[in-house]
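Keeping their order, the protein sequence lines are chains U and F. Each residue of the first sequence is one higher than the last, beginning at 1 in this note's numbering. Each residue of the second sequence is one higher than the last, beginning at 1001 in this note's numbering.
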Amino acid sequence: GAVVSQHPSRVICKSGTSVKIECRSLDFQATTMFWYRQFPKKSLMLMATSNEGSKATYEQGVEKDKFLINHASLTLSTLTVTSAHPEDSSFYICSARGTSGTYEQYFGPGTRLTVT
Amino acid sequence: AQSVTQPDIHITVSEGASLELRCNYSYGATPYLFWYVQSPGQGLQLLLKYFSGDTLVQGIKGFEAEFKRSQSSFNLRKPSVHWSDAAEYFCAVGAGNQFYFGTGTSLTVIP
């Protein structure tokens, strides 16, 4: 149980376009989902926390208008990178937390975004 | 503020040798502690976790970790490393609504 999927696993887009990444909890309801960014050979950097039905909470330094997060249901959160630029190229990982209250997060397999 | 420190950026061990990866945390209360492993280009796989109770926890793939409150540590160990253990290892603390990750330790296994 506790499986989180991400789609797509890899995406290449042109500079100036937008790309959407989906994060789904497949076998549990996720009241809270998290989006992380990971640079090569670096740790995970929390970008934002989203709760179902409410606005996401962004970490300091993360542009809200550039990284749009929607958590419309208990099993789906989306991250849209708007007007992507090459510096947005990165590995994006989502995680989901259920209702058990143990702070455990279940991680998706990640999405490799390359902006050309 | 909460923080997680993994002092060793890179460790190299011989196959069959024992392994210990260090993790220290800073948090005012008893934290929830996790170790994850990440292979190149992959997501994070949970190795083990500590919430409460026995301070020595067993995980998958033969890994174990010991929570030492007095040292604010949660070191990961494996008695005999396999070549397939080569990967990046992350220690994490669950506190409040968030996870705090260490900077990771890259493990190389030599034959």
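Where is the CB? At the ideal position from N, CA and C, for every residue including glycine. Note that this is a predicted model, so its numbers are computed, not measured.
For R112 of chain U, the nearest CB of chain F lies under 8 Å from its own CB, placing it at the interface with that chain. Taking C-alpha positions only, Y1100 of chain F is separated from F1051 of chain F by approximately 15 Å. Within the model, the alpha-carbon separation for T49 of chain U versus K66 of chain U is close to 15 Å.
For a Cβ distance threshold of 7 Å, residue set E104 of chain U lies close to K1049 of chain F, ordered along the chain. Taking a cut-off of 8 Å on C-beta distances, the region 17–27 of chain U does not touch the region 1069–1076 of chain F, as fewer than three cross pairs fall below it.
Across the structure, T99 of chain U and V1093 of chain F are spaced so that their CA atoms are roughly 18 Å apart. 8 Å or more divides the Cβ of P1079 of chain F from the Cβ of E1015 of chain F. In this structure, D27 of chain U sits near A2 of chain U, with a CB-CB distance shorter than 8 Å. Around the beta carbon of K41 of chain U, fewer than 16 other beta carbons sit within 10 angstroms, so the residue counts as exposed.
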